[in-house]
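Sequence lines, in order, name chains A and B.
Position in the first sequence (first residue = 1) + 36 = my numbering.
Position in the second sequence (first residue = 1) + 67 = my numbering.
The C-beta atom is built at its ideal place from N, Cα and C for all residues, glycine as well.
Since the structure comes first, as structure tokens, the remarks are kept for the end.
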Amino acid sequence: MGNAVRITRNHVYGNMTGISSDTFSAAGHPGFPADSSEIDHNFIYANNLDLYTERPPVAPLVGVPIGTGIVYPGMSDARVHHNWIFDNWRNGAMLFAVPDALANGGGAEGDIFPGVSCPGAPANGLSTSCGNRFFRNRVGRAPKGFRFPDAIDMFRNTYTAGARQKKPNGNDFWWGELFSTNTGNCWFGNTGPDGTAASVTGPGDAGRLPGAPPQVLPSDCGNSVGNDAAAKLAYLIDCGNGPDNDAGLTDCDWWTRPARPGSPAAMSTVLSRARATQEFERSPEAEALRKRLARLMP
Amino acid sequence: MLVLAAAGVALPACGANDDRGGSGRDRDHPVDIRGVGLVRGNSTAQFANCRDWRGGSAKRRYATIEDIRGQLTPQTSETAASDLSDEQAYKIFQHVCAARFSDELRLYKLYARAQAFASLTTDAGEAYPVP
Numbered sequence: 037m038g039n040a041v042r043i044t045r046n047h048v049y050g051n052m053t054g055i056s057s058d059t060f061s062a063a064g065h066p067g068f069p070a071d072s073s074e075i076d077h078n079f080i081y082a083n084n085l086d087l088y089t090e091r092p093p094v095a096p097l098v099g100v101p102i103g104t105g106i107v108y109p110g111m112s113d114a115r116v117h118h119n120w121i122f123d124n125w126r127n128g129a130m131l132f133a134v135p136d137a138l139a140n141g142g143g144a145e146g147d148i149f150p151g152v153s154c155p156g157a158p159a160n161g162l163s164t165s166c167g168n169r170f171f172r173n174r175v176g177r178a179p180k181g182f183r184f185p186d187a188i189d190m191f192r193n194t195y196t197a198g199a200r201q202k203k204p205n206g207n208d209f210w211w212g213e214l215f216s217t218n219t220g221n222c223w224f225g226n227t228g229p230d231g232t233a234a235s236v237t238g239p240g241d242a243g244r245l246p247g248a249p250p251q252v253l254p255s256d257c258g259n260s261v262g263n264d265a266a267a268k269l270a271y272l273i274d275c276g277n278g279p280d281n282d283a284g285l286t287d288c289d290w291w292t293r294p295a296r297p298g299s300p301a302a303m304s305t306v307l308s309r310a311r312a313t314q315e316f317e318r319s320p321e322a323e324a325l326r327k328r329l330a331r332l333m334p
Numbered sequence: 068m069l070v071l072a073a074a075g076v077a078l079p080a081c082g083a084n085d086d087r088g089g090s091g092r093d094r095d096h097p098v099d100i101r102g103v104g105l106v107r108g109n110s111t112a113q114f115a116n117c118r119d120w121r122g123g124s125a126k127r128r129y130a131t132i133e134d135i136r137g138q139l140t141p142q143t144s145e146t147a148a149s150d151l152s153d154e155q156a157y158k159i160f161q162h163v164c165a166a167r168f169s170d171e172l173r174l175y176k177l178y179a180r181a182q183a184f185a186s187l188t189t190d191a192g193e194a195y196p197v198p
């Protein structure tokens with residue numbers, strides 16, 4: 037965790053997750069919540085390394101999702117812009133909240149400066165995941181003339197070879213959309229594999245209108261609010277229990293390499309998981325989870 | 068090299084949970100056994116990993132959990148209580164550390180993430196039940 041960290045003009049490739057800045061594993065860390073990160077003008081691609089294998093060539097120290105460009109758990113006021121983000125087989129970027137009540141040891145060490153991140157924080161107990169902006173990124177597509185570096189397949193990393201510019205991410209922008217107090221998160225001016233905004237994918241399975249995919253990433257920063265997505269919360273809870281081999285349709289899938297985007301296997305998985313999460317969103321278990329969460333909020 | 072159990076060495080890890088829900092030991096009676104893994108600053112919390120976990124006895128594993136829980140408690144907290152019971156943490160470590168790739172996984176990171184969502188879970192050591 038850190039504040040005002042800038043990552044610019046790098047090539048970030050061949051990892052399980054390219055960039056991760058997380059608040060919720062930093063117990064009582066000064067500077068809570070993480071904010072004002074800037075990731076700009078980078079090339080973030082082919083982070084599909086699988087180290088959750090029998091004999092990993094590099095031993096993983098922490099659990100992160102395979103196939104992901106950027107992970108922001110509990111980040112506020114970040115700016116992610118003018119990057120090329122492609123060929124990450126799970127998600128180009130992930131953003132989700134961590135309520136103060138769920139942060140380790142019950143929240144921050146010391147004071148949270150009022151008004152820095154989320155409106156009403158820290159009094160309302162939700163200091164993370166507000167005001168993040170993802171804009172003018174080119175996703176699911178490599179620059180013209182791009183060539184992967186020689187080390188791209190080191191440690192058996194996988195990638196989409198060939199000269200075609202289209203190199204889709206599994207999903208471009210995954211948004212947790214967990215709480216209605218997650219305000220000001222927005223995605224605008226991004227272009228997808230075909231060069232248009234319409235080909236950008238997100239925010240991931242389920243959400244406010246679980247029966248009516250595809251979902252929409254909010255582009256209006258002034259009116260963006262979270263959607264109390266219980267299925268996504270349940271998913272993150274399962275991911276919080278660490279790497280395992282559970283393979284149910286609503287289990288955390290971070291620990292296995294996703295199928296190549298666009299392949300029959302990938303499409304089948306996406307549809308199956310979407311149906312399962314939509315069903316969960318309407319289930320008594322989801323309602324119970326929402327109630328439990330509501331009790332935690334001030 | 069692992070440090071063997073040292074009688075009379077009390078962990079400086081803010082004692083332990085209160086007794087609510089049977090989720091830990093009495094902070095007035097800290098364990099007298101070292102946790103698993105490399106010792107730094109009289110604690111193994113920073114470096115203990117799954118390989119260490121597998122090589123430890125049940126007593127040393129619980130000492131590790133108590134150590135980590137104490138280290139992850141904010142200084143302003145009056146107790147080292149956690150929504151994640153030591154028994155839940157033990158089950159999670161057992162589950163994750165059973166995998167071959169887990170040798171180097173840091174236990175404190177596993178603990179921190181599980182603890183973060185513990186208040187939303189139900190059954191010991193399990194995530195909120197999803198279909």
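Item                                                                                                                                : Value
Cβ-based contacts, 8 Å cut-off: residues of the region 161-183 of chain B near chain A                                              : His162, Val163, Ala166, Arg167, Phe168, Ser169, Asp170, Glu171, Leu172, Arg173, Lys176, Leu177, Ala179, Arg180, Ala181, Gln182, Ala183
Pick from Val116/A, Thr59/A, Ser304/A, Lys180/A that is closest to glycine 231/A, judged by C-alpha positions                       : Lys180/A
Residue range of the unbroken alpha helix (DSSP H) whose run includes glycine 137/B                                                 : 125-138
Proximity test, Cβ basis, 8 Å: glutamate 323/A and chain B                                                                          : no
Cβ of serine 110/B within 8 Å of any chain A Cβ                                                                                     : no
C-alpha gap between tyrosine 49/A and cysteine 166/A, whole angstroms                                                               : 27 Å
Partners in chain A for threonine 188/B, counting only beta-carbon separations shorter than 7 Å                                     : Ile273
For tyrosine 271/A, the residue or residues it bridges with in DSSP                                                                 : DSSP lists no partner for tyrosine 271/A.
Limits of the alpha helix (DSSP H) - the one that aspartate 71/A falls within                                                       : Run containing aspartate 71/A: none; DSSP gives neither H nor E here.
Separation of tyrosine 175/B from asparagine 109/B, as counted between CA atoms                                                     : 15 Å
Per-residue burial, alanine 1/A [other beta carbons within 10 Å of its own, 16 or more giving buried]                               : Because chain A in this structure spans residues 37 to 334, residue 1/A falls outside the shown range and cannot be described.
Anticipated Cβ contact below 8 Å, valine 27/A with methionine 52/A, distance rounded                                                : What is shown of chain A runs 37 to 334, which leaves residue 27/A out entirely.
Methionine 111/A (DSSP reduced to helix, strand or coil)                                                                            : coil
Cut-off 6 Å between Cβ atoms - residues of its own chain near aspartate 119/B, not counting five sequence neighbours on either side : Val103, Gly104
Cutoff 8 Å: alanine 63/A Cβ touching any chain B Cβ                                                                                 : In this predicted model, alanine 63/A has a pLDDT of only 49, less than 50, meaning its place in the structure is not dependable; the value taken from the coordinates is given anyway. Yes, alanine 63/A lies at the interface with chain B (some Cβ there is under 8 Å from its Cβ).
Length of the line joining the Cα atoms of glycine 89/B and leucine 162/A                                                           : Bear in mind that a pLDDT of 34 at glycine 89/B, under 50, signals an unreliable position, so the number given afterwards is only what the model happens to contain. Roughly 29 Å between the two C-alpha positions.
C-alpha distance - aspartate 289/A paired with proline 239/A, whole-angstrom precision                                              : 16 Å
Closest residue to alanine 178/A among Ala187/A, Gly225/A, Asn119/A (Cα-Cα distance)                                                : Asn119/A
Contact list for isoleucine 159/B against chain A, beta-carbon separation under 7 Å                                                 : Asn277, Gly278
Contact residues within the region 252-271 of chain A, judged by C-beta distance below 7 Å to chain B                               : Ala270
Exposure label - lysine 327/A; buried when at least 16 CB within 10 Å                                                               : exposed
Neighbourhood of glycine 278/A by C-beta, 7 Å cutoff - its chain only, sequence neighbours within 5 removed                         : Gly99
Alanine 199/A burial status per 10 Å Cβ neighbour count (16 or more: buried)                                                        : exposed
Check whether serine 260/A and asparagine 221/A have beta carbons under 8 Å apart                                                   : yes
Isoleucine 102/A in three-state terms, based on DSSP                                                                                : coil
Alpha carbon of glycine 176/A to alpha carbon of proline 141/B, nearest angstrom                                                    : 42 Å
Per-residue DSSP class, three states only, for glycine 220/A                                                                        : coil
Counterpart residues of arginine 174/A in DSSP-defined beta bridges                                                                 : Trp120/A, Thr227/A
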